[in-house]
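J.: Numbering (my numbering), first residue to last: 14 to 287. Quick one: this structure, given as structure tokens, is what I'll be asking you about.
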């Protein structure tokens with residue numbers, strides 16, 4: 014995953030020298046817009062450290078076992094007395110593990126873990142949004158000395174869809190009609206989350222009219238119901254008309270008592286005054 018994958022560094026827990034919880038992992042997952050709307054299951058391949066199969070996670074050569082550190086008696090910490098003070102530090106002999114490995118496993122070099130790709134399935138709930146995080150318990154780095162594994166955190170990054178704009182659980186889209194359709198009314202096809210449908214526009218529809226289709230938005234995450242789909246009407250005005258079309262529009266404007274610009278003369282008319 015490159016820069017999409019990282020170690021959060023959260024871990025520890027338990028006393029030094031005892032079982033230690035593994036670190037949490039974090040990754041960013043790109044999800045198409047409609048997949049975030051409908052939900053899905055994704056199979057993820059995660060590079061992480063897992064217990065070495067040869068030494069079963071002990072770090073010791075197969076057939077041998079780690080021994081308890083005699084300097085700290087397996088605690089991983091040693092105490093020094095300095096006058097009236099007692100200072101506790103990490104045991105230098107076992108480096109805080111509480112155990113000594115005399116013969117290291119050749120496969121993992123004594124670490125007890127190896128780097129490996131792990132595959133797991135993650136459920137993406139319907140309605141998830143940009144920046145929200147899924148938590149997968151126990152899918153992080155393995156613990157040490159029998160400690161529990163950390164968690165995996167999947168940060169969702171939703172890809173844009175040119176048809177829709179999302180605001181929480183509502184979606185917004187646009188439909189374009191001509192001024193003639195706006196005046197006379199029309200039926201137009203629009204994209205919705207469930208496919209293409211027909212939208213009926215009444216005569217006299219004004220520019221920037223917003224038509225709200227209830228419960229046709231995005232499912233509410235972890236709840237019931239859906240948001241709404243808001244359709245904004247964009248009215249276009251023709252930039253060029255034929256002479257006949259222009260004459261008819263001027264005639265209509267006169268009938269309505271509208272003041273419009275005078276008709277421009279053609280080049281020949283301007284030259285010869287016709």
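All C-beta atoms, glycine included, are put in the ideal place defined by N, C-alpha and C. Quick caveat, the model's predicted, so the values are computed rather than measured.
Which word fits residue 228, buried or exposed, when buried means at least 16 other C-beta atoms lie within 10 angstroms of its C-beta?
T.: Residue 228 is exposed by the Cβ-count criterion.
J.: Measure how close the beta-carbons of residue 89 and residue 109 come, nearest whole angstrom, since I'm counting them as under 8 Å.
T.: So it is a contact: roughly 4 Å between Cβ atoms.
J.: Pairs of beta-carbons, one from the region 208–220 and one from the region 174–186, closer than 8 Å: are there three or more?
T.: Verdict: no, contact absent.
J.: Just list the beta strand (DSSP E) runs in the region 29–97, keeping only unbroken ones of 3 residues or longer that don't cross its boundaries, in chain order.
T.: DSSP runs (the beta strand (DSSP E)) wholly in the region 29–97: 38–44, 53–64, 90–95.
J.: Between which two residues does the alpha helix (DSSP H) holding residue 256 run?
T.: Taken as a continuous stretch (DSSP letters only), the alpha helix (DSSP H) holding residue 256 covers 256–268.
J.: Quick check on the burial criterion: 16 or more other C-beta atoms within 10 angstroms. Buried or exposed for residue 274?
T.: Label assigned to residue 274: exposed.
J.: Quick check: what's the CA-CA separation for residue 166 versus residue 39?
T.: In a straight line, the C-alpha of residue 166 is about 5 Å away from that of residue 39.
J.: Within its chain, find whatever has a CB closer than 6 Å to the CB of residue 70; leave out the 5 residues flanking it on each side and keep chain order.
T.: Closer than 6 Å at the Cβ level, and outside the excluded window around residue 70, lie 64, 125.
J.: Are there 16 or more other CB atoms within 10 angstroms of the CB of residue 102, so buried, or fewer, so exposed?
T.: Exposed, because fewer than 16 other Cβ atoms sit within 10 Å of the Cβ of residue 102.
J.: Can you give me the C-alpha to C-alpha distance between residue 200 and residue 263, rounded to a whole angstrom?
T.: Spanning the two alpha carbons is a distance of roughly 27 Å.
J.: Within a Cβ cutoff of 6 Å, which residues of the same chain sit near residue 28, ignoring the five residues on either side of it in sequence?
T.: Confidence at residue 28 is low in this model, with a pLDDT of 49, below 50, so its placement is unreliable and no value can be given for it.
J.: Does DSSP put residue 223 in a helix, a strand or coil?
T.: Of the three classes helix, strand and coil, the one that applies to residue 223 here is strand, per DSSP.
J.: According to the Cβ coordinates, are residue 134 and residue 215 closer than 7 Å?
T.: The answer is no: Cβ separation not under 7 Å.
J.: In whole angstroms, what is the alpha-carbon distance linking residue 84 and residue 100?
T.: The alpha-carbon atoms of residue 84 and residue 100 are separated by roughly 15 Å.
J.: Apply the 10 Å Cβ neighbour rule to residue 170 and answer buried if 16 or more other Cβ atoms are within range, or exposed otherwise.
T.: With fewer than 16 Cβ atoms within 10 Å of its Cβ, residue 170 is classed as exposed.
J.: For the pair the region 187–194 and the region 244–256, tell me if three or more CB-CB distances fall below 8 Å.
T.: These segments touch.
J.: May I ask you to report which of helix, strand or coil DSSP gives residue 194?
T.: In the structure shown, residue 194 sits in a helix (DSSP, three-state: H, G or I).
J.: Using the three-state DSSP reduction, which class does residue 136 fall into: helix, strand or coil?
T.: In the structure shown, residue 136 sits in a strand (DSSP, three-state: E or B).
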